[in-house]
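First up is the structure itself, then whatever we jot down about it.
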């Protein structure tokens, strides 16, 4: 790889050198804008190194000529002497030579001749450095812009951009700034066009109100990027055209007047007044009876259109007590026109006594007789205006009112006017509405009174934080479930109404990418992907809930999702390490039945990882047995000479899940059987750093006690035999009974017993407690001299293992 990269780099280097020699210029000179005629630019002969390594007489024969095949700007701007000196032909003007916003340069081709022979052509690049000698200029010093009063936010008026005749990138780069008063509702928009020039606009940033301000004066400042910079200013005068956006406003919404039934017809009973802040016809107001006014009332009254004066047209001398309600419309002269309405109540008085009339105007009225008030309203806030009408004369027209309720209070304003204000704070979650009565009574004889029922509806505000039903939600789910399947439900409540009670849920965690869950707006938690318990068996995160009120309130709760196991992993063998695995077994009469221990594991848990072992094939002679729980492989009987040979045992391990999953492996076993007895080993060596567990310690103690008893019994029998008679004793002496040999045979160390021998305890490693690795410690743990040649520390890491020879330990005669 390094060789290939080196070759590629070498090829690229050669290509770069070739490209530079073909397209790059030979000499580069720098020239200032405004340099005068005859300014020396450079010595082409010296800088091009053409004369290098030439003798003096050869250098005098070198002639430099500017190539002028056709008339170009470069030929007019520069002069080259025969000895290679380069000068300006006239004063340099970068603005006339180059295009704006680009690097300004010119190329000159100079032919180098030696005597009458041609040598080469030099390509000279002259870079002209522009100076900031021009200011940005607008085509006009001042322009007028008009906006309509109803123009919305974002309305734009284009203005001309400035031009800077400099050609340098910085000198011709123009930035624009809008100079205005702090509260002027305008911003400057500058966008680049495809030609590189700017498209400038005055953009409306807020609503206009001509009635507040009808004109604005702004300045647009164009500044170039030169050092020092220069600027140009455009004065912008903005005029706001009026639109008919204001309706006429009456001085009162309701006019209550009382007249005697003998009032003369030529005197106006009322002069209406409505104001309109618009200008021209938009602010000219005319008065009319609206269509809601009954025809009978129109016959009794006349309304002057221009002045708003109201006259009576009939004689009410015979009129009994009567109230006329007139609906008056004020309309401006705009197109389209705007209007507003007022009510004129005319009470025609006579000598009789009448009950008071109660007129209530709520600040916020849901329907007639029902007012709305928000629960967060401050104590003392104004709720309703109460006007009492009683046009009787004297004491008959004197009225007093009362309202009794613990939440509101009625205050007298004078002249039969009252106001209702809030007395105590309101909480909609405790009281969402209440009713009350207002009673007004005159001082007539007899006194007459009027009663009005009022209903107050308490409106909701977002003043309650969402609450979870639990601090921590714990959910259980199985692994490998389908995505978007509900795992649990998060329950949160908010007693607020409408959007203030609408809840939105989301999940929070330090690392959001590790949460494979999502939550719906209804609180259902679902998984984004199928879960894998073997990768993560428990997730802890937070759920965040907020309502949609303004301002929004929120809360959090903890969520724990525990992933339950499914039987989705096959067990696998740890030992044997390869498939097939070769074992050489040598059996003799003193050998035990234990052969080896099969080990397997399973990534699942609980029953799904509870493993059972078996022999699937190859055990036609029923010679071998495999403990289903411990994995201990043993001889099912004592092998005979004709059992010797090779066996291909197919072993299987199954878990206890549903469905059952399994794995198989092949053990190639070579069995050698001999009748020769092997001498038992005299001593027992325990591996260093091998910890004996309690069951093994008990076995050793019991074995020691049994051996001690056997020794005592043997010594007793020897003594009894010695004392049985002289002749018999002599005979025994001649035969040379060796008591120490008997003792030595009795005292032979006991081998580790396999679980295949009934009544023999089995040692389990700590791994057996988890059932992930069934294991029975072999005889080699106690008799290192019989250890097989397998390195258990490398089990599971070896890809291929050589055939293993197992020497079965000697069986003790009992």
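In mature numbering (1 follows the signal peptide of the UniProt record, and there is no 0), the protein residues as written are -24 to -1, 1 to 790.
Even glycine gets a Cβ: it sits at the ideal position worked out from N, Cα and C.
Beta-ladder partner(s) of residue i, from DSSP
{"i": "residue 200", "result": "150"}
{"i": "residue 431", "result": "346, 411"}
{"i": "residue 300", "result": "322"}
{"i": "residue 599", "result": "None, per the DSSP bridge assignment."}
{"i": "residue 307", "result": "262, 315"}
{"i": "residue 624", "result": "644"}
{"i": "residue 178", "result": "133, 164"}
{"i": "residue 549", "result": "576"}
{"i": "residue 56", "result": "62"}
{"i": "residue 341", "result": "347"}
{"i": "residue 608", "result": "573"}
{"i": "residue 462", "result": "502"}
Inter-residue spacing [alpha-carbon to alpha-carbon] between residue i and residue j
{"i": "residue 593", "j": "residue 484", "result": "55 Å"}
{"i": "residue 182", "j": "residue 158", "result": "13 Å"}
{"i": "residue 451", "j": "residue 513", "result": "12 Å"}
{"i": "residue 754", "j": "residue 680", "result": "Here the model assigns residue 754 a pLDDT of 36, short of 50, so the residue's position is not dependable, and the following value carries that caveat. Going by the C-alpha atoms only, they are around 21 Å apart."}
{"i": "residue 87", "j": "residue 22", "result": "15 Å"}
{"i": "residue 116", "j": "residue 210", "result": "7 Å"}
{"i": "residue 559", "j": "residue 639", "result": "20 Å"}
{"i": "residue 56", "j": "residue 17", "result": "10 Å"}
{"i": "residue 624", "j": "residue 650", "result": "21 Å"}
{"i": "residue 377", "j": "residue 387", "result": "9 Å"}
{"i": "residue 308", "j": "residue 246", "result": "20 Å"}
{"i": "residue 481", "j": "residue 463", "result": "15 Å"}
{"i": "residue 156", "j": "residue 191", "result": "12 Å"}
{"i": "residue 621", "j": "residue 566", "result": "19 Å"}
{"i": "residue 553", "j": "residue 577", "result": "12 Å"}
{"i": "residue 502", "j": "residue 199", "result": "59 Å"}
Cβ-Cβ distance between residue i and residue j below 7 Å
{"i": "residue 189", "j": "residue 197", "result": "no"}
{"i": "residue 99", "j": "residue 85", "result": "yes"}
{"i": "residue 599", "j": "residue 591", "result": "no"}
{"i": "residue 223", "j": "residue 340", "result": "no"}
{"i": "residue 249", "j": "residue 266", "result": "no"}
{"i": "residue 303", "j": "residue 269", "result": "yes"}
{"i": "residue 436", "j": "residue 473", "result": "yes"}
{"i": "residue 536", "j": "residue 466", "result": "no"}
{"i": "residue 372", "j": "residue 418", "result": "yes"}
{"i": "residue 105", "j": "residue 138", "result": "no"}
Proximity to residue i [Cα-Cα], best of the options
{"i": "residue 58", "options": "43, 552, 612, 66", "result": "43"}
{"i": "residue 441", "options": "456, 284, 530", "result": "530"}
{"i": "residue 527", "options": "579, 477, 482", "result": "477"}
{"i": "residue 217", "options": "121, 4, 141, 232", "result": "121"}
{"i": "residue 543", "options": "493, 421, 632, 429", "result": "632"}
{"i": "residue 126", "options": "219, 63, 101", "result": "219"}
{"i": "residue 412", "options": "379, 131, 438", "result": "379"}
{"i": "residue 168", "options": "151, 161, 162, 184", "result": "151"}
{"i": "residue 136", "options": "82, 212, 424", "result": "212"}
{"i": "residue 430", "options": "515, 418, 335", "result": "335"}
{"i": "residue 92", "options": "38, 118, 55", "result": "38"}
{"i": "residue 255", "options": "204, 291, 614, 313", "result": "313"}
{"i": "residue 571", "options": "635, 648, 629, 581", "result": "648"}
{"i": "residue 290", "options": "31, 243, 319", "result": "243"}
{"i": "residue 258", "options": "322, 557, 589, 186", "result": "186"}
Under the three-state DSSP convention, the category residue i falls into
{"i": "residue 377", "result": "strand"}
{"i": "residue 35", "result": "helix"}
{"i": "residue 690", "result": "helix"}
{"i": "residue 213", "result": "strand"}
{"i": "residue 103", "result": "strand"}
{"i": "residue 523", "result": "strand"}
{"i": "residue 588", "result": "strand"}
{"i": "residue 89", "result": "strand"}
{"i": "residue 796", "result": "Because the chain here runs from -24 to 790, residue 796 falls outside it and cannot be looked at."}
{"i": "residue 476", "result": "helix"}
{"i": "residue 370", "result": "helix"}
{"i": "residue 630", "result": "strand"}
{"i": "residue 555", "result": "coil"}
{"i": "residue 20", "result": "helix"}
{"i": "residue 229", "result": "coil"}
{"i": "residue 684", "result": "helix"}
{"i": "residue 250", "result": "strand"}
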